[in-house]
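Numbered per our numbering, the sequence shown finishes at 746, counting up by one with no gaps. The beta-carbon is built from N, C-alpha and C at its ideal position, and this holds for glycine as well. What follows is a short report on a single structure.
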Amino acid sequence: MKKIGYVATECYPFIKVGGLADVIGSLFKIFYKNAYLFLPLYKQIKENFKIEKIGEIEVFFSDTRKEICKIYKLSNFSNVILIGNDYYFDRDEIYGPSGKDYLDNLERFSFFSKSILEVCKHLNIKIEVFHCNDWHTALLPLYLKLYYKDFFQNTKVVFTIHNIAYQGVFPSDKFIYLGLPWDYFSMDELEFYGNINLMKAGIIYSDIITTVSKRFAEEIMTEEFGFKLDGLLRKYKDKIKGIINGIDYQVWNPLFDKYIKKRYKTSEGKIANKIFLQKELSLKVGEDIPLFGMVNRLVEQKGIDLIIEKFENLIEKEIEIVILGQGEEKYKEKLLEFKTKFPQKFSFIYDFNEKLAHQIYAGSDFFLMPSRFEPCGLGQMIAMKYGSVPVVRKVGGLYDTVVDYNENGYGFTFLKDEEFIGTIDRAISIYKNKKLFKEIVKKCMQLDFSWKKSAEEYKEIYESL
């Protein structure tokens with residue numbers, strides 16, 4: 282195996298905001314013996330882990346922008362390199378407050394990307410394949426090929442698009458901070474409708490582009506799902522490959538989950554968890570009431586607007602719904618209003634709560650993911666391991682991982698908004714047939730979405746480069 286350098290803005294268990302952290306944490310664990318991990322030194326890492334300073338260097342962008350990079354490593358992980366700069370990373374939030382970006386995220390993450398290359402030179406770390414993730418790290422392949430070819434003579438770059446909706450788009454007047462010749466502010470480079478688009482650098486200058494499901498790899502080359510980059514992606518279609526994410530079953534497994542009320546191996550074990558969840562959330566207690574769970578960000582992408590739009594139709598049914606997540610204020614206010622109006626049938630928790638997320642997976646009968654688009658989705662795969670039957674829109678990774686019951690499958694799928702309530706009705710109808718529903722739950726729990734197959738595909742890519 283080659284020496285891999287994972288470059289990401291979050292990684293479980295060190296720092297986590299969303300699914301990206303789980304993905305990088307799993308890959309790093311699998312390839313640990315042959316890998317380095319590069320992370321920003323956030324305030325939260327300093328507070329929760331022992332770190333050691335191992336150096337300090339200057340990172341040059343231009344005559345008007347020179348930054349100091351303090352180099353650290355985790356005390357118990359010599360191959361976890363932390364890029365330190367208190368001005369950029371010693372903040373209360375990772376990306377920005379209340380779901381919004383910090384205004385200087387271009388400066389923060391251009392510093393992160395270039396510093397990694399300088400640190401490798403300074404410490405003489407010979408990375409053979411960098412694996413960069415999303416727009417925050419997309420400048421690294423460009424900086425590497427423009428300024429660091431002598432040190433990284435044979436180094437290749439894999440760039441993974443986890444979510445194409447977030448591309449790192451900034452006003453053109455910030456281009457001076459990137460330390461790039463003005464030639465790179467053009468339509469064929471980083472210019473994007475008069476702005477800067479950092480994700481374009483990752484697409485153009487990486488050697489392989491991966492996305493987090495096969496279906497999503499096809500979708501992003503269409504106008505509907507490409508978010509105005511579909512033309513560029515079609516140009517580079519020969520280097521795009523879809524690899525479905527996996528689940529870490531050492532973390533997500535009802536057989537030894539430390540967060541749930543009762544550990545279980547079969548569907549019978551779910552009942553105690555369901556009753557516990559109902560009591561904890563002050564819902565009406567009853568094992569025969571279908572309980573629909575949702576753990577997600579409160580943004581339009583995740584279909585939360587559809588839930589709100591159809592809420593009156595949903596809540597009139599003999600069901601219960603619980604939603605856990607953080608996000609946009611307009612959705613938060615509406616869901617809190619529903620919670621006040623229907624306290625015994627609907628629970629909403631505005632939080633990022635790892636423990637409660639586990640309890641919802643274990644206690645719910647169905648798991649809702651009506652996403653407008655979904656590059657991969659981890660929630661549906663986790664839910665199935667816990668015997669929570671997915672109700673999903675047939676897009677992206679949801680298309681790749683959930684087969685409808687009517688197609689001899691183990692979930693409930695729809696495509697158009699107007700099909701959503703009918704799909705819920707179909708799920709409730711099947712739920713009433715206890716024997717049949719038990720068979721579907723059993724199918725879900727027996728599926729294998731571990732990292733084994735996906736890791737082999739990544740290994741093939743690394744070795745091919």
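Within its own chain, the residues whose Cβ lies closer than 7 angstroms to the Cβ of residue 679, once the five positions on either side in sequence are excluded, are 650, 652, 655, 658, 661, 673, listed in chain order. Comparing alpha-carbon positions, the option among 536, 431, 621 lying closest to residue 563 turns out to be 621.
CA-CA distance, residue 558 to residue 520, rounds to 46 angstroms.
Looking only at 452, 703, 370, the smallest Cα-Cα distance to residue 474 is reached by 452. The continuous alpha helix (DSSP H) containing residue 644 extends over residues 635-644. Annotated three-state conformation of residue 287 is strand, per DSSP. Looking at 665, 285, 698, 310, the one whose alpha-carbon comes closest to that of residue 684 is 665. The segment 405-485 is shown to contain whole beta strand (DSSP E) runs of 3 or more residues at 410-414, 437-442, 476-478, in chain order. Residue range 670-674 is occupied by the beta strand (DSSP E) that includes residue 670.
Looking from the CA of residue 318, the closest CA among 434, 383, 418, 373 belongs to 418. At a Cβ-Cβ threshold of 9 angstroms, residue 579 and residue 603 do not count as neighbours. Secondary structure within the segment 564-649: the beta strand (DSSP E) runs of 3 or more consecutive residues, fully enclosed, are 572-576, 601-605, 627-630 (chain order). Runs of the alpha helix (DSSP H) lying entirely within the segment 315-363 and spanning at least 4 residues, in chain order: 324-329. Residue 292 is bridged by DSSP to 296.
At a Cβ-Cβ threshold of 9 angstroms, residue 394 and residue 420 count as neighbours.
Here the segment 584-593 makes contact with the segment 607-615; the two share three or more CB pairs at distances below 8 angstroms.
The continuous stretches of alpha helix (DSSP H) do not include residue 694, which lies in the beta strand (DSSP E) extending over residues 693-695. Residue 605 has its alpha-carbon roughly 7 angstroms from the corresponding atom of residue 633.
Within the same chain, 615 come within 6 angstroms of residue 589 by CB-CB distance, once the 5 residues on both sides are set aside. In the three-state reduction of the DSSP assignment, residue 365 falls in the strand class, which pools E and B.
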